[in-house]
Structures are given as C-alpha cells and as structure tokens.
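Scroll down for the structure; my scribbles are underneath it.
2 protein chains.
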Amino acid sequence: MTTSTVFALETMDVPGGTETILRGGRHLFPLLPRALAGVRRIGVVGWGPQGRAQARNLRDSLAGTDITVAVGLRPGSASAADARAHGFTEEDGTLGDWLAVTADSDLVVLLIADAALAAHHRKIFAALKPGATIGLSHGFLLGHLRETGGDFPPGHGVVAVCPKGMGDSVRRLYEQGAEINGAGINSSYAVHADPDGNATDRALAWSVALGSPYTFRTTLESEYLSDIVGERAVLLGAVHGIVESLYTRYRLAGDDGTTAYARSCENITGPIARTISRAGLRAVRESLDASGRDVFDRAYTATYGPAREIVAEIYDEVADGTELRSVILAERRLGTRPMSRIGGSPMWSLSDRAHARRDERGLPGGPVDPFTAGVFVATMTAQVDEFAERGHPWSEIVNESVIEAVDSLLPYMRARDVAYMVDNCSRTARLGARRWGPRFQTAYEQIAYPAAEHPADRALLAAFDTNPVHEALASAAKLRPAVDISVG
Amino acid sequence: MTTSTVFALETMDVPGGTETILRGGRHLFPLLPRALAGVRRIGVVGWGPQGRAQARNLRDSLAGTDITVAVGLRPGSASAADARAHGFTEEDGTLGDWLAVTADSDLVVLLIADAALAAHHRKIFAALKPGATIGLSHGFLLGHLRETGGDFPPGHGVVAVCPKGMGDSVRRLYEQGAEINGAGINSSYAVHADPDGNATDRALAWSVALGSPYTFRTTLESEYLSDIVGERAVLLGAVHGIVESLYTRYRLAGDDGTTAYARSCENITGPIARTISRAGLRAVRESLDASGRDVFDRAYTATYGPAREIVAEIYDEVADGTELRSVILAERRLGTRPMSRIGGSPMWSLSDRAHARRDERGLPGGPVDPFTAGVFVATMTAQVDEFAERGHPWSEIVNESVIEAVDSLLPYMRARDVAYMVDNCSRTARLGARRWGPRFQTAYEQIAYPAAEHPADRALLAAFDTNPVHEALASAAKLRPAVDISVG
C-alpha cells in the first residue's frame with residue numbers, strides 16, 4: 001500500500017506537477033503506535049553519527065508508548081560506553097549484540113558504515129525475525145547488492161528514511177524542536193519492498209519520530225544516486241575544489257593568505273550559505289551592487305558549463321556502478337595504505353586567523369564576495385539541473401543540492417573547516433571527495449576562471465533567473481521553520 | 489612456438505633475472521620473408537599516427553620482397569588522400585576498404601582508434617581469411633573484450649607489437665635509421681594466441697620491419713595495463729598535473745609567469761628529459777650542487793608517497809576494468825557534449841614567450857631546476873616501483889615509465905606544449921589524463937609540497953639510489969643508439 005491510513009499525506013505543488021509529502025511535527029507523535037502496529041521493538045544497529053542521533057530521537061518520540069528502542073553494536077565495538085552514557089544499557093535490554101538486537105526487532109534500522117554493510121549484510125539478513133522491516137538511511141546497500149548480484153531477503157519490507165543532514169544536526173535540530181515545533185532535518189522516504197502492506201506507515205512513522213519537518217517521497221535508487229552524486233559534487237567534493245581554486249586565484253591576484261581564505265572558504269560557509277538558507281539562490285545575486293552583479297554574472301556563466309560537465313560524469317559513473325567499484329577497490333587498498341589527509345595544505349593553516357576575524361557571536365557577517373558567489377551558485381545550479389534532467393523529484397533535488405548544504409553541511413564546515421569535513425566524514429564520502437574535488441578544482445582553474453574574463457552569457461543568466469528551482473525552494477521553505485543553523 | 493627459428497633471440501640481464509629480447513637493425517631485413525612465410529599481404533587498417541607510420545616503415549623494409557603492404561580505410565575516411573599522397577593507391581592495390589583489405593591479408597595490423605575497435609571488431613574478425621594473424625599495437629581490445637564478455641576469433645594467431653612512442657617518432661627515427669643503424673623506437677611484442685605455430689616469427693618480423701632497435705617480450709595483458717596506467721601517470725596525466733601545480737607554486741612564491749613556466753614545463757621537457765635520456769635518473773640529482781641536491785631530496789621524498797598512492801589507485805582501476813567502463817561512459821556522453829580543452833589556462837598563454845627564451849637551435853639549455861626535478865623523478869620512480877611490484881618485465885617498466893617519456897613524449901611536449909598533447913592525443917589517453925592529472929596536481933599542492941618543508945626522508949633516498957631501475961635503464965641504453973630526439 002503506497003498511501004497511509006494513519007498520516008495525512010499532502011500534495012505539494014512543484015515545478016511541472018505535484019509531489020506527495022508528509023508534514024511532520026510533535027503533534028503527530030500520538031499517532032505513532034498505530035502507524036507502527038506490530039512493531040514492539042525498534043533495533044537501531046550502529047552508534048555512528050546517524051545511529052546515535054536516530055536512536056535518541058526515536059526513543060524520545062516513543063516515550064510513553066509500548067515500543068522500545070534498542071541499540072545493537074558489533075562485538076567489541078568502541079561505542080558501547082557512549083551508548084550507555086546516553087541511557088542505552090544491557091540491563092534494561094536496550095543495548096546488545098547487533099545480531100541479537102536484529103533478531104529481536106520488528107523494525108531494524110541499519111546505520112552502520114557502508115563498508116560494514118557490504119561485508120556483513122548477509123548475516124544481518126539471516127538474523128531477521130519473520131515480518132521484520134529493514135530500514136536504511138542510505139541507498140548504498142542497493143547499489144552494492146546490484147553490483148555484486150545480491151538481493152534483499154524476500155518476505156521482509158524494505159524501507160528507507162534518509163535525513164538530509166548530518167547525524168549531529170538530526171539530533172540538535174530535534175532538540176530545538178521542543179521549542180520550535182517542526183524544527184528538524186527533512187527526510188526522504190522510500191518503500192522498496194512491501195510484502196505485508198505496512199511498509200509505508202512504518203517508514204512515515206520512523207520519519208515523523210525522527211522529527212523531520214517534512215518527509216518527501218522518493219525511490220531507493222533515486223535516493224542512492226542523488227546522495228552519492230551530491231556528496232561528490234556540491235555537498236562536499238566540489239566545495240573543496242572550489243575553495244582551493246578560489247584561494248589560489250585570490251592569492252595569485254595579490255591577496256594575502258588570510259584575505260584569500262576569507263573570500264573563499266569563509267564567504268561560502270558564511271554569508272553565501274546564510275543568504276541561500278534564508279532567501280534562496282537569486283537573493284545571493286540580488287544582494288550585490290551593479291558592479292558586483294557583473295562579476296557574479298561572468299563567474300556564473302564561466303563556471304556553469306564545466307560544472308555541469310563534471311556532475312554529468314559523476315552521475316554516469318555512479319549510475320553505472322563504476323564509482324562503487326572504485327570505492328570497493330579503495331577500501332581494499334586502504335587496508336594497507338591509509339588515506340592521506342588533505343588538511344595540511346597551505347590554506348588550512350590560516351583557518352585560525354580567519355576565524356579570529358569573525359564577529360564575537362561567530363555569525364557570518366560581511367558581504368557576499370561576487371566572484372565566489374557566482375562560482376558557487378553556478379555549481380549548485382549545475383547539480384540541480386543535472387538532477388532535474390535525470391528525473392529526480394523536486395523535493396529531492398532541492399534537499400540534496402541546496403538545503404542539505406546550506407542548513408547542515410556548510411555550517412559544519414564553518415565551525416570546523418572544509419578540510420576537516422573531507423578528512424572526517426563517511427568513508428564513501430571521503431573517497432568521493434578526493435576523487436572528484438580535484439576535477440572541479442582544476443577545471444575551474446584551467447577552463448572556468450580564464451573564461452570569466454569574457455562577457456557573461458545572457459542566455460545562461462536568463463536560464464538561471466527562470467530556473468524551476470527557485471519555486472521548488474520556496475515551496476520547501478514554507479515547510480520548515482527558520483532554525484538556528486549555527487554550530488556551537 | 490615461443491622461440492624463433494629465424495631471429496637470434498638474446499638473453500638480457502635485468503634486475504632479478506633475465507629477459508628475452510631481440511636486437512633489431514636493417515641487417516635483419518633479408519630475414520623478413522622467411523619469418524613471414526605464408527604472408528603475401530600485410531593489411532594495415534587505419535591511417536592515424538601509428539597507421540601511417542607503420543605502413544610506411546613496413547613497406548620500406550619489405551621493398552624488393554614479394555610481400556605487399558596495403559592500407560585499409562573505413563568507407564568515407566578522410567585519410568584516403570593522405571594515404572595516396574604517400575603512395576598507397578587503389579590502382580596498385582595498396583589502398584582499399586578496410587574489410588576488403590582485411591579479407592585479403594595474411595597479417596592484419598589493426599591500428600584504428602580504440603572506440604572504433606570497440607565498435608567494429610566483430611565485423612573485422614568476421615572478414616578474416618583462414619590462417620590470418622591479427623596484429624595489435626595496443627592492449628585495449630583485450631580489456632574491452634574482457635569487460636564485454638567477448639573474445640578473439642578462434643583459429644587465428646593474435647600478436648601484438650607495440651612501439652614505445654608516438655607514431656610520428658616511429659617514422660621519424662626509422663628514417664634516421666637509414667644513417668644510424670638501429671635508430672628507432674623500441675617495441676614490446678606479445679603472442680596471445682598461436683594456433684599455427686608461426687605467431688612468434690610473424691610478430692618479431694613485424695617489429696624488426698618497423699625498425700625497433702630492440703624488441704622485448706611481454707603479454708597482451710601486461711602491455712595493456714602498463715600502457716593505460718602509464719598514460720594516466722608519468723607519460724601524460726601526471727605530467728600535466730605536475731606542471732600546473734609547479735607553475736602555481738612558483739607564481740605564489742613570486743616568480744613572474746614566464747619564469748614559472750620555464751621552471752616547470754620547460755625544465756621538465758628540456759634539461760630534465762635530456763639528462764635522463766642520456767645518463768639516467770640518478771644523473772639528474774648528480775648534476776646539482778649541494779644546495780640543489782638538498783632541495784631535490786626534500787621534493788623527492790615529499791612527492792614519492794602521494795605519487796605512489798595515486799599510481800596504485802590508477803592501476804587497481806585499470807586492472808579491475810573500472811577505468812575502461814568510465815572511458816566507455818565518456819564516449820557516450822561526449823557524443824552530445826564535446827570534451828573541453830585545457831589549453832586555455834593561464835600558463836599556456838605564456839608558452840610563446842617561454843619558447844622565445846630558448847637558444848636558437850631550440851636545444852634544451854640551462855640548468856635542471858632542483859625542486860621540479862625532485863618532483864618529476866619521484867613521480868617517475870613511483871610508477872617504476874608500482875609496476876615492479878605488480879610483476880611487469882623490466883624492459884616494459886623502463887620503456888613505459890622512462891624511455892617513452894624522455895625519448896618520445898616529452899620532446900613532443902617541448903615542441904608543442906603539454907596542453908597540446910592533453911588536447912590532441914588518443915581519445916583514451918585524453919580521457920585518462922583529464923581524470924587523473926587533477927589528482928596528481930591537487931595531491932602535490934595539498935600534501936606533497938607542504939611536506940617538502942621538512943627534512944628529506946633518508947630511507948626513501950637510499951631506496952632511490954639503489955633502485956633496480958638504474959641497472960635496467962643502463963641495459964636498455966646499451967641496446968639503442970643515441971638519436972636526435974628533438975622535434976623539428
């Protein structure tokens with residue numbers, strides 16, 4: 001059944017049609033037991049960033065019901081102490097071995113790392129009790145099964161609820177949601193298999209319980225593609241490439257290191273992200289004076305083509321399975337040769353000095369840098385357009401290309417640095433960023449920035465101005481409250 | 489039969505053992521008819537750089553024998569006029585449709601582009617006459633067949649003779665060979681299938697007739713791997729990445745553009761290439777004074793690790809078939825979106841000015857730049873070591889990692905520019921260079937060059953000093969005369 005008998009799905013207008021969404025909120029928590037009929041225990045397997053956020057959100061949302069939330073860990077996991085510190089204990093039966101917790105749960109939320117899923121999914125599947133639903137927050141396993149000729153076990157529902165933000169923000173904004181109803185990170189949901197007819201309700205209940213302000217529908221394949229491509233492009237890989245290339249450009253133009261850092265990294269994670277989050281993409285250009293708009297226009301039109309070319313290449317390779325094969329090969333190779341860290345390059349040594357220049361509240365002040373903005377907005381728009389051409393739902397496009405960046409990732413990069421992110425996020429994302437970040441960097445240095453000397457391409461600018469993304473972003477903005485995205 | 493009854497194969501000492509080689513030369517031409525027993529016609533399919541060089545060398549070498557050399561072209565090929573201008577004509581039966589020429593030849597040398605081979609090999613195979621031998625100069629088709637589940641047609645010998653240099657140099661040095669016996673481009677040979685027992689002699693005869701100073705033995709798979717990896721690494725991809733990263737480094741350190749260009753691109757294609765060609769790798773360091781050697785050492789040891797990491801990644805992906813899949817995807821995509829050109833980046837606009845600084849004979853003068861040299865030699869050594877670890881024959885290692893670069897490719901880059909090469913060589917090489925050049929560039933900028941501030945790693949330097957490659961290069965040097973590698 002693809003509709004819900006419990007929640008009131010809504011139809012949202014999007015460019016070219018409508019989409020089905022579920023508006024979330026704490027007022028829906030009383031409906032959770034009915035939507036989770038047949039679920040007595042939810043097992044959250046894994047205590048990484050998503051695991052520890054989702055387990056806590058679920059437990060809080062289901063407090064007072066008969067549904068328990070337990071955490072399952074691998075034997076010898078280093079996370080046991082932290083899980084206990086957060087109230088998941090062996091004594092009260094809410095912490096245990098991952099296979100035991102799996103065998104005992106009616107909804108099994110698999111939040112272990114991709115490599116672990118790849119290595120151990122068969123034994124996890126074998127441990128499932130009859131009627132249990134498999135829950136994923138990432139489409140990786142689908143890609144892996146396809147590439148290796150495997151499949152999900154028959155007779156079990158397979159659903160995905162994928163928060164469009166980092167684990168920490170899933171928990172942090174949920175806590176803000178105690179005061180601002182509806183604060184949270186949006187999620188997509190997908191029903192991949194539904195033998196018993198309850199998969200939609202279980203997926204939506206899971207998303208509501210996570211605190212998602214709104215939940216939009218997608219497929220596991222679409223989620224996988226947009227997610228894996230996105231992290232290689234505007235969510236992480238391209239951001240790294242952009243800031244390195246801009247830093248070098250500004251240094252070569254005569255800026256000292258701290259100024260170059262401010263104009264590139266600080267400007268993207270600060271004023272540009274904040275402007276887009278509050279007011280959309282066109283507002284970035286509109287915030288500039290006439291000469292700034294000219295610089296923006298030339299940077300935008302010079303960057304759009306090269307950006308689109310690379311996003312298309314990434315997409316082809318992810319869709320084809322080629323990118324996944326390279327991830328698998330890298331995992332093997334990294335067994336013997338650890339991944340080098342990119343945080344040692346010259347620009348990152350300036351981050352402390354640049355941070356010191358921020359105002360005392362750490363708020364992103366200062367004007368938008370027009371060249372930086374043109375480059376960044378062009379990259380974001382290129383990804384949007386590529387996803388639109390490939391047929392992704394508009395909610396997914398805007399969440400994966402804009403909202404997740406400006407509301408979750410870029411604020412983290414502001415607090416910790418882009419290099420920190422590239423060196424510390426999920427393994428698959430790290431590998432992807434290392435592979436594709438350099439492509440953006442060099443294409444921008446060698447093709448885009450030289451072309452920015454030329455007059456702007458008016459057709460590309462008109463296409464930007466009338467791009468359906470602005471309408472889609474505005475619709476999405478109505479569905480989520482303004483929240484404080486600054487990271488302490 | 490894996491030995492020759494016609495040519496005197498020799499055993500050459502290489503690190504760790506011996507290899508079988510054939511020393512070439514024009515004095516062997518009288519043996520060609522015997523080695524080519526049963527071959528009345530050789531069909532060279534394709535008139536690209538390799539096709540037009542090999543067809544002419546073969547014809548000249550077989551002049552006065554009963555063996556004719558014909559060129560086969562695709563219908564509507566734009567090359568027909570040029571082939572006729574070089575004496576291959578329909579009238580005397582030495583120019584024709586590719587399938588007709590194939591059907592009429594006893595040795596069919598397939599020198600069309602990889603994409604064309606991929607698309608049309610089945611009909612070419614179907615046209616072969618009984619007992620005909622298939623000749624390749626590139627292992628690509630093997631990789632393609634494996635990836636697509638195809639195979640060579642049974643009942644036909646399959647051999648490879650792969651000149652270790654660009655087509656133009658295969659012809660140019662052959663012509664020099666009229667005066668300097670033995671001038672030419674070395675080749676590898678492989679016998680992949682030998683149903684009739686004549687494959688070895690036919691392969692060696694082909695190589696001798698091309699003018700190869702020496703021919704070393706390999707396998708089609710080994711050739712494929714070393715070739716595809718090499719063009720993504722030290723033969724082209726890494727060279728581009730190196731010169732862009734060094735150019736930026738020198739500019740940021742205060743050099744004007746022309747000086748930065750000279751210290752990076754000119755120095756590699758000029759004094760460094762010439763020194764290695766004449767005197768080997770250690771001679772580059774030995775040509776420096778004490779303070780230069782310190783700079784070299786620190787650059788070398790900072791670069792070696794990152795270089796090795798990338799070469800290993802390239803190798804894994806080529807061996808796994810992943811890289812080939814990306815080439816196929818790119819071909820599809822490029823049908824609608826042509827490949828952008830990298831020759832527009834700032835450094836290439838300086839090439840004319842830099843060329844003007846060369847001495848009037850265009851000879852590479854001036855001293856070796858120590859930092860540039862350390863980076864370049866480290867990259868070359870990293871590729872050598874990776875190939876050695878993967879078990880390639882030493883002749884193949886030194887030809888694919890050193891000799892082909894310094895005797896063929898770098899002189900062409902000197903005459904025309906690295907950017908020209910990246911924008912104009914074979915499609916597969918162009919795609920590979922665009923994919924991997926940026927990885928070298930960014931890894932060097934972000935990881936290697938910052939590390940060059942630190943003292944050199946004495947263990948890495950000792951490993952360089954005692955590397956088996958020096959002995960292998962010296963053996964190879966004995967087998968080829970010094971030739972004029974400058975390109976007019």
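Protein chains in written order, with our numbering: chain E, 1 to 488; chain G, 489 to 976. Glycine residues also receive a C-beta, built at the ideal position from the N, C-alpha and C atoms. Keep in mind the model is a prediction, meaning the values are calculated, not measured.
Residue i (DSSP reduced to helix, strand or coil)
i, result
"Phe-576 of chain G", "coil"
"Gly-758 of chain G", "helix"
"Thr-508 of chain G", "strand"
"Ser-77 of chain E", "coil"
"Cys-162 of chain E", "strand"
"Thr-466 of chain E", "coil"
"Thr-706 of chain G", "coil"
"Val-6 of chain E", "coil"
"Met-12 of chain E", "strand"
is_contact[residue i, chain G] using C-beta, thresh 7 Å
i, result
"Ile-342 of chain E", "yes"
"Ile-268 of chain E", "no"
"Leu-329 of chain E", "yes"
"Thr-248 of chain E", "yes"
"Asp-320 of chain E", "yes"
"Ile-180 of chain E", "no"
"Gln-176 of chain E", "no"
"Thr-442 of chain E", "yes"
"Leu-324 of chain E", "no"
"Ile-447 of chain E", "yes"
"Pro-30 of chain E", "no"
"Arg-251 of chain E", "yes"
Beta carbon proximity, residue i to chain E, threshold 7 Å
i, result
"Gln-542 of chain G", "no"
"Ser-914 of chain G", "no"
"Gln-871 of chain G", "no"
"Asp-804 of chain G", "yes"
"Thr-636 of chain G", "no"
"Leu-661 of chain G", "no"
"Ser-455 of chain G", "An answer regarding residue 455 of chain G cannot be provided, because it is not within the stretch 489 to 976 covered by chain G."
"Pro-926 of chain G", "yes"
"Pro-938 of chain G", "yes"
Neighbour-count burial assignment, residue i, 16 or more Cβ in a 10 Å radius
i, result
"His-609 of chain G", "buried"
"Arg-274 of chain E", "buried"
"Asp-895 of chain G", "buried"
"His-192 of chain E", "buried"
"Ser-779 of chain G", "exposed"
"Ser-137 of chain E", "buried"
"Arg-52 of chain E", "buried"
"Arg-458 of chain E", "exposed"
"Thr-869 of chain G", "buried"
"Arg-278 of chain E", "exposed"
"Thr-499 of chain G", "exposed"
Contacts around residue i, its chain only, beta-carbon distance under 6 Å, and the 5 residues preceding and following it disregarded
i, result
"Tyr-444 of chain E", "Ser-245"
"Val-101 of chain E", "Gly-43, Ala-70 and Gly-72"
"Tyr-712 of chain G", "Gly-627, Leu-630 and Gly-631"
"Gly-653 of chain G", "Ile-673, Glu-892 and Ser-896"
"Glu-977 of chain G", "Here chain G covers residues 489 to 976 and nothing more, so residue 977 of chain G does not appear."
"Val-243 of chain E", "Ser-264, Cys-265 and Val-418"
Sequence-distant residues of its chain with Cβ nearer than 8 Å to residue i (five each side left out)
i, result
"Ile-67 of chain E", "Leu-32, Pro-33, Leu-36, Val-39, Arg-40, Arg-41 and Ile-42"
Own chain residues within Cβ distance below 7 Å of residue i, not counting five before or after
i, result
"Ser-675 of chain G", "Val-649, Cys-650, Pro-651, Lys-652, Ser-695, Leu-698, Ser-700 and Thr-703"
"Thr-584 of chain G", "At residue 584 of chain G the sequence reads Gly, which differs from the Thr that was named. Around Gly-584 of chain G: Ala-558, Gly-560 and Glu-578."
Closer than 8 Å, Cβ to Cβ, to anything on chain E: give me those residues from the segment 935 to 967 of chain G, in chain order.
Ile-935, Pro-938 and Ala-939
Between the segment 290 to 313 of chain E and chain G, which residues of the former have CB atoms less than 8 Å from a CB of the latter, in chain order?
Gly-305, Pro-306, Glu-309, Ala-312 and Glu-313
What are the residues of the segment 61 to 79 of chain E that lie near chain G, defined by any Cβ-Cβ distance shorter than 9 Å?
none
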